[in-house]
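Asks: Chains as they are written, first to last, in this note's numbering: chain V, 1 to 218; chain R, 219 to 597.
Glycine residues also receive a C-beta, built at the ideal position from the N, C-alpha and C atoms.
Keep in mind the model is a prediction, meaning the values are calculated, not measured.
Quick one: the structure is below, and I'll ask about it shortly.
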């Protein structure tokens, strides 16, 4: 506790660094996964290829990815962009299948109705299919966000771990309080971000809560 | 209000024409085989038939949801295959089974869909949607609700309102009432006929229910499995002169009786009917009809039970169906006679006041009499 009180500045700085590393990949990953998910949902072959590639990408160990990326990206080995790109890859890998499933779950009769009303395909996607897929996509996004927040800590090995650096530092200098404080703050961030996405979902889909309530009622 | 609604009507009704239309799917099945058919402007044309007869495929070729393999579908004077399909569809209302409403939009915004698509300002589109809610009989307080909060019948009304929102000259309806219970279905059918009498759209209506086809259709196209047209006629003709045994079988039982629904009552005599008002002295024998102060029927009274007492409402035997002398068909006249406990059918005027009686013998006499003409009277 004394360590915590004496190092509030360090904790604040590491937390900010952690957020800057963890959150942009979640947003970037979502933006990339939506068109890919749409593509995967279009054809059976596309779906098989994209979901398999995504599954494969997710199995690459994060540490290996941090090391593999610099030569690919032309970045230095000690560059925070490596972490951001790596975490974006993981987010995309997690979300492609979710987005494809969410779009695939939109009832055909609704998509048909939209087409028959005179929606051109792109407008129909934005106005009907995507909004209806929001609940499932956000559920996937919660997993991706928590996963990203936890994976950032691995970046500490190459010097960009956010709160993860409190683990390595605490270990090297034998300060258990520092390690525990790091774990607690990571957990708190994960819970808060998860809660925020949940709240965002509620705001975006008032119709969905009503549908569920009606479903329970019968 | 309906009046204002009619004043914003911009397009006249259009003819829909199928010229040698064939649809063969990629697996080789022929869904529609060389269809030749004209759906008249301003009328309800019903496509009916067993499943797999190509009726829905034919319907979906009108708004190009399905494209014909050969032949031409013409709406108004344009081949549907010319031009942009999205543009075409905005001019064709579409109502489907279970309404197909957008669950993520409120009732009002569901109805405003096409006006918004064609670029009307949001406020104007919503005003228009509110007018349509009134037109189809939806209470204004339903406007902010989501489809999941509505009953099946209400959802179907929203579906109809949404299809009509941009005032399309053509309306396609694909088994729109098949998922609601029989009572609601009947009221939706009546509502559709009322709307159509105001709007005069060219409507193509698909159903597998021959009774629905006969009730709604100005003309009915009976399809047979394999996508060929078995018969295309007015419903009365379908009942009296089915083209072949398939149609006769499909049209089903009680064909002769149901045909009476399309025969006018010209020449049907209206007889005397003994009536008594509530509070007056009851009869001592025979059946009399008890009426209220406006001469509207309340029920029947048996003289043997009444025995001359003052007429109350407790001893009444419920009456049968009523025969409306203005709009009724021979079927409603016969049913009135058969369902009354006294054997005398109660004939009423347009306001529901008793004008006399009809008896079954007279109905049969009119039926077998000479010079009887078929007329399209809706029961």
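Determine contact between the segment 368–384 of chain R and the segment 302–314 of chain R, defined as no fewer than three beta-carbon pairs at a distance below 8 Å.
Replies: yes
Asks: Taking the continuous beta strand (DSSP E) assigned at residue 254 (chain R), which residues delimit it?
Replies: 248–257
Asks: Can you pull out the residues from the segment 498–528 of chain R whose beta carbon lies closer than 9 Å to at least one beta carbon of chain V?
Replies: Of all residues in the segment 498–528 of chain R, none has a Cβ within less than 9 Å of some Cβ in chain V.
Asks: If the cut-off is 9 Å on Cβ atoms, which residues from the segment 315–331 of chain R count as contacting chain V, listed in chain order?
Replies: 315, 316, 317, 318, 319, 320, 321, 322, 323, 324, 331
Asks: Counting only beta-carbon atoms, is residue 374 (chain R) nearer than 9 Å to chain V?
Replies: no
Asks: Check each candidate in R:293, R:270, R:543 and name the one with the smallest Cα separation from residue 255 (chain R).
Replies: Answer by Cα proximity: R:293.
Asks: Going straight from the alpha carbon of residue 315 (chain R) to that of residue 376 (chain R), what length do you get?
Replies: 12 Å
Asks: For residue 241 (chain R), name the three-state secondary structure that DSSP assigns.
Replies: Here residue 241 (chain R) sits in strand by DSSP.
Asks: According to DSSP, simplified to helix, strand and coil, what is residue 125 (chain V)?
Replies: helix
Asks: Quick check: residue 446 (chain R) and residue 251 (chain R), are their CB atoms within less than 9 Å of each other?
Replies: Cβ distance < 9 Å, so residue 446 (chain R) and residue 251 (chain R) count as in contact.
Asks: Leaving out the 5 sequence neighbours to the left and right, which residues in its chain are closer than 8 Å to residue 275 (chain R) when beta-carbon positions are compared?
Replies: 241, 249, 250, 284, 445
Asks: Let's test the definition: count the other Cβ atoms within 10 Å of the Cβ of residue 562 (chain R) and tell me whether it reaches 16, buried, or not, exposed.
Replies: buried
Asks: At what residues does the alpha helix (DSSP H) containing residue 172 (chain R) begin and finish?
Replies: Residue 172 (chain R) is absent from the structure shown; chain R starts at 219 and stops at 597.
Asks: Could you tell me the distance, in whole angstroms, from the CA atom of residue 158 (chain V) to the CA atom of residue 373 (chain R)?
Replies: 59 Å
Asks: Within 10 Å of its beta-carbon, does residue 560 (chain R) have 16 or more other beta-carbons around it, so buried, or fewer, so exposed?
Replies: In the assembly as shown, residue 560 (chain R) is a buried residue. Its beta-carbon has 16 or more other beta-carbons within 10 Å.
Asks: According to the Cβ coordinates, are residue 422 (chain R) and residue 264 (chain R) closer than 9 Å?
Replies: yes
Asks: List the residues of chain R that residue 205 (chain V) touches, going by C-beta distances under 9 Å, in chain order.
Replies: Contact note: residue 205 (chain V) reaches chain R through 322, using a C-beta cutoff of 9 Å and chain order.
Asks: Kindly identify the DSSP beta-bridge partner or partners of residue 234 (chain R).
Replies: R:257, R:293
Asks: When DSSP builds the beta bridges, which residues end up paired with residue 171 (chain R)?
Replies: Beyond the ends of chain R as shown, which are 219 and 597, falls residue 171 (chain R); an answer cannot be given.
Asks: So, with DSSP's three-state summary, where would you put residue 364 (chain R)?
Replies: coil
Asks: In chain order, what residues of the segment 277–296 of chain R put their CB closer than 9 Å to some CB of chain B?
Replies: The structure shown contains no chain B; its protein chains are V and R.
Asks: Buried or exposed: residue 218 (chain V), going by 16 or more other Cβ atoms within 10 Å of its Cβ?
Replies: Because residue 218 (chain V) sits at a pLDDT of 36, beneath the cut-off of 50, its placement in the model cannot be relied upon, and the point is left open.
Asks: Going straight from the alpha carbon of residue 162 (chain V) to that of residue 152 (chain V), what length do you get?
Replies: 7 Å
Asks: DSSP on residue 138 (chain V), reduced to helix/strand/coil?
Replies: helix
Asks: For the beta strand (DSSP E) containing residue 540 (chain R), name the first residue and the last one.
Replies: 540–542
Asks: Is it the case that the segment 502–515 of chain R contacts the segment 428–442 of chain R, given that we only count it when at least three CB pairs across the two stretches are under 8 Å?
Replies: At 8 Å Cβ cutoff, the stretches do not touch.
Asks: Tell me which residues share the same chain as residue 93 (chain V) and place their Cβ nearer than 6 Å to its Cβ, disregarding the 5 neighbours each side in the sequence.
Replies: 54, 57, 58
Asks: Listing by chain order, which chain R residues have their CB less than 9 Å from the CB of residue 74 (chain V)?
Replies: Per Cβ cutoff of 9 Å: no residues; residue 74 (chain V) is ~44 Å from chain R at best.
Asks: Check whether the Cβ of residue 235 (chain V) lies closer than 9 Å to any Cβ atom in chain R.
Replies: A question about residue 235 (chain V) goes unanswered here, because the residues of chain V that appear run from 1 up to 218.
Asks: So, with DSSP's three-state summary, where would you put residue 119 (chain V)?
Replies: coil
Asks: Check whether the segment 501–508 of chain R touches the segment 475–486 of chain R, counting contact only when three or more Cβ pairs, one atom from each stretch, lie closer than 8 Å.
Replies: no
Asks: Name the residue from V:174, V:201, V:186, V:24 whose alpha carbon lies nearest to the alpha carbon of residue 82 (chain V).
Replies: V:24
Asks: Would you call the segment 518–526 of chain R and the segment 541–549 of chain R touching, i.e. three or more CB-CB distances under 8 Å?
Replies: no
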